[in-house]
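To keep things clear, I will list the structure first and then write my remarks on it.
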């Protein structure tokens, strides 16, 4: 069965610190992977996505993620976080047959000014 | 201005009552989805519709029902059979269920049942 696991449930960083949020998935076929972000009081919005090609994917607001097939991972990174990055982050795997998204449990990021 | 609207933003109901959550999109998307968000559990799929007049159960469909009579609308009814209905409900849509299309999410409805 397909599944997504996010290891860090709550991360606290100071501004300018580097960020890496872990995401591992379980699926034997071709993967389509996403990172979504939910800022306080706002819609869930797409940060970046991976479908094929370059395993290093760049998204909005300076975020990037690397797809490592051998490790079944799709970790999210940002070299220097800002207070405005405080949000909940979700990793998701797309089922290619139904289009449904299978989400990880989410990681709450708190950035201290 | 294209997007997904969900109404109301907050909804309060008494136990034993059915309640319908609205989801409308003007993006001309074929596929629509309903998710439930609970703290520490991420989002879980309730129902989805790949095309108008068709829908399928997701992972946690028990106690819920949907309809898809119009392309732009995908209402969700939370019935009295849903054992733990208090949650944040998110509607999403996508150009199509397959292919390299992402899902776009609405603002959500927070339902509280007492």
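Protein chains in written order, with the working numbering: chain S, 1 to 113; chain A, 114 to 227. We put the beta carbon where it would ideally sit given N, CA and C, even for glycine.
Are residue i and residue j touching if we call contact CB-CB under 7 Å?
i             : j             : result
residue 6/S   : residue 105/S : yes
residue 203/A : residue 150/A : yes
residue 184/A : residue 165/A : yes
residue 102/S : residue 2/S   : yes
residue 98/S  : residue 8/S   : no
residue 140/A : residue 206/A : yes
residue 176/A : residue 158/A : no
residue 160/A : residue 191/A : no
residue 35/S  : residue 47/S  : yes
residue 13/S  : residue 81/S  : yes
residue 144/A : residue 193/A : no
Residues of chain A with CB closer than 7 Å to the CB of residue i, please, in chain order.
i             : result
residue 100/S : 146, 158, 161 and 171
residue 74/S  : Per Cβ cutoff of 7 Å: no residues; residue 74/S is ~14 Å from chain A at best.
Considering only DSSP beta bridges, list what residue i is partnered with.
i             : result
residue 136/A : 119/A
residue 68/S  : 73/S
residue 178/A : 190/A
residue 234/A : As displayed, chain A neither begins before 114 nor continues past 227, which places residue 234/A out of reach and without an answer.
residue 38/S  : 44/S and 88/S
residue 216/A : Its beta-bridge partners do not exist; DSSP assigns none.
residue 27/S  : DSSP lists no partner for residue 27/S.
residue 119/S : Within the shown structure, residues of chain S are numbered from 1 to 113, placing residue 119/S beyond reach of any answer.
residue 108/S : 10/S and 88/S
residue 147/A : 160/A and 204/A
Give the residues of chain S in contact with residue i, contact being defined as C-beta atoms less than 7 Å apart.
i             : result
residue 216/A : 101
residue 220/A : 43
Could you work out which residues of chain A lie near residue i, taking near to mean beta carbons separated by less than 9 Å?
i            : result
residue 90/S : 155 and 156
Using a C-beta to C-beta distance shorter than 8 Å, which residues of chain S count as neighbours of residue i?
i             : result
residue 207/A : 99
residue 120/A : The premise fails here: residue 120/A is roughly 14 Å from chain S at the closest Cβ pair, so nothing lies under 8 Å.
Could you name the residues of chain S that residue i contacts, counting a contact when the two beta carbons are closer than 9 Å?
i             : result
residue 178/A : Going along chain S, no residue has its Cβ under 9 Å from residue 178/A, so there is no contact; the nearest lies around 18 Å.
residue 203/A : 43 and 44
- Message: I'd like to know if the region 194-201 of chain A and the region 133-140 of chain A are in contact, where contact means that at least 3 CB-CB pairs between them fall below 8 Å.
- Response: no
Contact the region 71-89 of chain S vs the region 36-50 of chain S: 3+ CB pairs below 8 Å = yes
- Message: If contact is defined by three or more beta carbon pairs under 8 Å, each pair taking one atom from either stretch, is the region 17-30 of chain S in contact with the region 64-78 of chain S?
- Response: yes
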